[in-house]
Every structure is written in structure tokens, then in C-alpha cells.
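Residue numbers (my numbering): 1 to 111.
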Amino acid sequence: MVKPEIPAMLKREMERKRISSAELTHRLKVSHSTVSGMLERPTMQVHRLVELSELFEYNFFREIAQKFPLAEPDYTSTESKAEVAALQSRVRDLELEIGILRQTIKDMASR
């Protein structure tokens, strides 16, 4: 199992942006112990990682995703294309049905 080193990534970006832990505490409006925990714990809540990504203007999620040896989905296969076409057809049918229902409601309201 891939375990991204979030504290190491965070420390690296702090160095790169020249942001101290005290500055990070101030910018995130959290306690010093919260920042210390982020720099030590191997896990982090998604909303906090989003906040850090915005603060550092760096996509931590992309770096984490690149560490996974999983294949990207193949949306070019015949099976995928058929599935997409079927879904697009269903969307068209539903949009037509919505239009009919809207017209029916207008007709009923004008009586």
C-alpha cells in the first residue's frame, strides 16, 4: 500500500515558500499544537489539505495521486464509449420529458 508522506511534503513546501510553523499557525488561525501535529501525523483531513493546497498554491492531491501505481480509467474503450453513448441518450430522453412536463404544468396553470 502506498503511504504518501504528507508531513514531508508539507515541510518541503514550507521551506520552498519560506513559511515558518509560527507563520503557518497564524495563516491557518490554529494553535501551535495543531500545526505541530500536522507536521508529525501521517494522515490529514481532506479539508485541511485543501486549505494547505490553497495557501501554498500547490496541489498536494496531485502529488499524492502520482504516487499510486494504479492505472487511469480507459475512457476510449468500446465498452466505455457505448456506456457514454447510452448515458447521453438517456439524458436527451430525460430533457425531452422535462420539457413536456413543464409545458403540461403551464397548460394546467393557465386553465
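Backbone N, C-alpha and C define an ideal beta-carbon position, used for all residues, glycine too.
Between the alpha carbons of residue i and residue j, how many angstroms are there, rounded?
i: Ile98; j: Arg48; result: 40 Å
i: Gly37; j: Gln66; result: 25 Å
i: Arg90; j: Gln103; result: 20 Å
i: Phe60; j: Val46; result: 10 Å
i: Pro69; j: Ser77; result: 21 Å
i: Val84; j: Glu23; result: 48 Å
i: Ile64; j: Pro42; result: 13 Å
i: Ser20; j: Glu40; result: 15 Å
i: Val137; j: Glu57; result: The question about residue 137 has no answer, for the chain in this structure spans 1 to 111.
i: Arg111; j: Glu95; result: 25 Å
i: Ala86; j: Glu72; result: 22 Å
Use the C-beta contact count for residue i: other C-beta atoms within 10 angstroms, 16 or more gives buried, fewer gives exposed.
i: Met9; result: buried
i: Ile105; result: exposed
i: Leu128; result: Here the chain has residues from 1 to 111 only, and residue 128 is not among them.
i: Ile100; result: exposed
i: Val50; result: exposed
Could you please give the first and the last residue of the uninterrupted alpha helix (DSSP H) stretch that includes residue i?
i: Ser89; result: Thr78 to Ala109
i: Lys3; result: Note, Lys3: premise wrong, no alpha helix (DSSP H); not H, not E.
Whole beta strand (DSSP E) runs in the region 25-75 with 3 or more residues, listed along the chain? none
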